[in-house]
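Comments concern the structure below.
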Amino acid sequence: MKRFEVYKNIRKRAVIFGLPISLFAVMMIFIVVSLLVIIFSFSFGVIIGVLILNSVLYIALTRITSNPQLFQMAKTFPKSISSKRNSGLDYE
Numbered sequence: 003m004k005r006f007e008v009y010k011n012i013r014k015r016a017v018i019f020g021l022p023i024s025l026f027a028v029m030m031i032f033i034v035v036s037l038l039v040i041i042f043s044f045s046f047g048v049i050i051g052v053l054i055l056n057s058v059l060y061i062a063l064t065r066i067t068s069n070p071q072l073f074q075m076a077k078t079f080p081k082s083i084s085s086k087r088n089s090g091l092d093y094e
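Heads up: take any position in the sequence shown, counting from 1, add 2, and you land on the working numbering.
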């Protein structure tokens, strides 16, 4: 009989349509805003433009999800590790 381990951190890796929950929420907010734009504008060009913007946003969010190093600006490790209190003054 197989024994299965309990996985408690399931929300950390939860994915909806290939996006993490936070990026999926951004996508849904953008979709709701675009639906409001479509409702209050009666132009075919606006409808096509909103569809293109939604697809571009989805592609960009999936690329960000697959390659998270794109927006990592800070270095991972500091130059020196010390337990001294940092005063912010540089004496060199």
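All residues carry an ideal CB built from backbone N, CA and C; glycine is no exception.
Distance CB(residue i)-CB(residue j) smaller than 8 Å
{"i": "residue 28", "j": "residue 39", "result": "no"}
{"i": "residue 63", "j": "residue 37", "result": "no"}
{"i": "residue 56", "j": "residue 33", "result": "yes"}
Three-way DSSP call (helix, strand, coil) for residue i in this model
{"i": "residue 91", "result": "coil"}
{"i": "residue 17", "result": "strand"}
Exposed unless 16 or more other CB atoms sit within 10 angstroms - verdict on residue i
{"i": "residue 25", "result": "buried"}
Rounded C-alpha distance that separates residue i from residue j
{"i": "residue 81", "j": "residue 66", "result": "27 Å"}
{"i": "residue 99", "j": "residue 91", "result": "One cannot answer for residue 99 here, as it falls past the ends of the chain, which runs 3 to 94."}
{"i": "residue 7", "j": "residue 83", "result": "37 Å"}
{"i": "residue 18", "j": "residue 5", "result": "28 Å"}
{"i": "residue 45", "j": "residue 89", "result": "59 Å"}
{"i": "residue 41", "j": "residue 61", "result": "24 Å"}
{"i": "residue 69", "j": "residue 35", "result": "27 Å"}
{"i": "residue 49", "j": "residue 58", "result": "14 Å"}
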